[in-house]
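A.B. asks:
Protein chains in written order, with my numbering: chain Z, 3 to 222; chain U, 2 to 114.
(1) What residues in its chain sit with their C-beta under 6 Å from that of residue 144 of chain Z, if we drop five residues either side in the sequence?
(2) Taking Cβ-Cβ distances below 8 Å as the criterion, which residues of the region 74-91 of chain Z are in contact with chain U?
(3) Could you tell me which residues DSSP puts in a beta bridge with residue 62 of chain U?
(4) Examine chain Z for any beta-carbon lying closer than 7 Å to the beta-carbon of residue 104 of chain U, and answer yes or no.
(5) Near residue 113 of chain Z, what residues of its chain come up, given a Cβ to Cβ distance below 6 Å and the 5 sequence neighbours on each side ignored?
(6) Three or more beta-carbon pairs under 8 Å between the region 98-118 of chain Z and the region 55-69 of chain Z, yes or no?
(7) Would residue 57 of chain Z and residue 61 of chain U be called neighbours here (beta carbons separated by less than 7 Å)?
(8) Between residue 64 of chain Z and residue 215 of chain Z, which are expected to be in contact by the criterion C-beta below 8 Å, what is the C-beta distance as a whole number of angstroms?
(9) Give the interface partners of residue 116 of chain Z over in chain U, defined as CB-CB distance under 8 Å, in chain order.
(10) Quick check on DSSP: helix, strand or coil for residue 85 of chain Z?
(11) Would residue 67 of chain U and residue 84 of chain U be called neighbours here (beta carbons separated by less than 7 Å)?
(12) Which residues, in chain order, does the region 189-212 of chain Z contribute to contact with chain U at a C-beta distance below 8 Å?
(13) For residue 175 of chain Z versus residue 193 of chain Z, is the C-beta distance shorter than 7 Å?
(14) Under 7 Å, Cβ to Cβ, is there at least one residue of chain U near residue 106 of chain Z?
(15) Name the residues in the region 161-181 of chain Z whose C-beta lies less than 8 Å from a C-beta of chain U; which are they?
(16) What in chain Z is Cβ-close to residue 61 of chain U, meaning under 7 Å?
(17) If distances are taken between C-alpha atoms only, which option among Z/139, Z/179, Z/188 and Z/53 comes closest to residue 162 of chain Z?
(18) For residue 29 of chain Z, decide whether its Cβ has a neighbour in chain U, counting only Cβ atoms nearer than 7 Å.
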């Protein structure tokens, strides 16, 4: 459902290269622009703004879903990520390894949720901002070379995403050699940390991403 | 595991729920009530604990009240459609489905409600 809208954005990021992608993520994911530092516990992550209104993706995705998804679900990941990072900072300051380990699950879940959704909002765009246009240039060539055609890639990625058991994400990404690959991850496991693939385009198959519009029919 | 659990879990879920005129909402009595009080202190304490565990499931899954091999009550959560007994050995008595489809249309993202 979101592939057409996402691929144009993916094209821009692939053409501009990995560093641009990382920078785009930095802008949206990290306030203050610092990735890791001893002052990590004072870095607050923030909810990125959308580049479009909640209703601009209709009729594919309703404004109701977009508003809940962004202002509730993603916002909760950001809030809980900040809490988890605070706990991690405290544990590190005390040298409490048990508490450090205990903090990891919440960081993975909420940090993954924040990273994944930050990419997702950039993948989506209304037609007026390029959404729906097929990829061009390097990305289009790479898709054809790797999968045969855009349609073939879409069919494969859709099938993999629909088949996720439980909650998760489907992804188009690039491997260390720059080659395109498809993958799925469970829950909010972030693609790069989990598989090493750099994410270009993701499909959220958590039920909250589609249920109000499509009910149980995830393939739609 | 996924498909089998998806049959076992909702079938069980249907049996554990009832409208008020069929007894739904009435607190447990007899042996179960005594066991809940003995294990958790009170019905409210058990409900608070089970609710918190269920809400905290990361992703899709179920919260459960069950009995272990010795017949003692226990609380557990399982991911996705993993069935309680096959996964943990606990015999299920009462389950809470926290897959988003179980509550989203009524409660949206507010799983605790």
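We put the CB at the ideal spot given by N, CA and C, even for glycine.
Here the structure is a predicted model, which means the values were calculated and not measured.
C.D. replies: In terms of the structure at hand:
(1) Correct list, in chain order: 182.
(2) For the region 74-91 of chain Z, the residues whose beta carbon sits under 8 Å from a beta carbon of chain U are, in order, 74, 75 and 78.
(3) Partner(s): U/80.
(4) Closer than 7 Å: no.
(5) Closer than 6 Å at the Cβ level, and outside the excluded window around residue 113 of chain Z, lie 83.
(6) Touching, no.
(7) Going by C-beta atoms, residue 57 of chain Z is not nearer than 7 Å to residue 61 of chain U.
(8) Confirmed, Cβ separation roughly 5 Å.
(9) Here the premise fails: no neighbours, minimum Cβ distance about 14 Å.
(10) Taken through DSSP and simplified to helix, strand or coil, residue 85 of chain Z comes out as helix.
(11) Result no, Cβ atoms of residue 67 of chain U and residue 84 of chain U do not sit closer than 7 Å.
(12) Result list: 189, 190, 208, 209 and 210.
(13) Going by C-beta atoms, residue 175 of chain Z is nearer than 7 Å to residue 193 of chain Z.
(14) No, because no Cβ of chain U sits closer than 7 Å to the Cβ of residue 106 of chain Z.
(15) Across the region 161-181 of chain Z, CB contacts with chain U closer than 8 Å involve 167, 168, 169 and 170, in sequence order along the chain.
(16) Scanning chain Z for C-beta atoms nearer than 7 Å to the C-beta of residue 61 of chain U yields 168 and 169, reported in chain order.
(17) Answer by Cα proximity: Z/188.
(18) With a pLDDT of 40 at residue 29 of chain Z, under the threshold of 50, the modelled position of this residue cannot be trusted; read the value that follows with caution. Answer no: the Cβ-Cβ gap between residue 29 of chain Z and chain U never drops below 7 Å.
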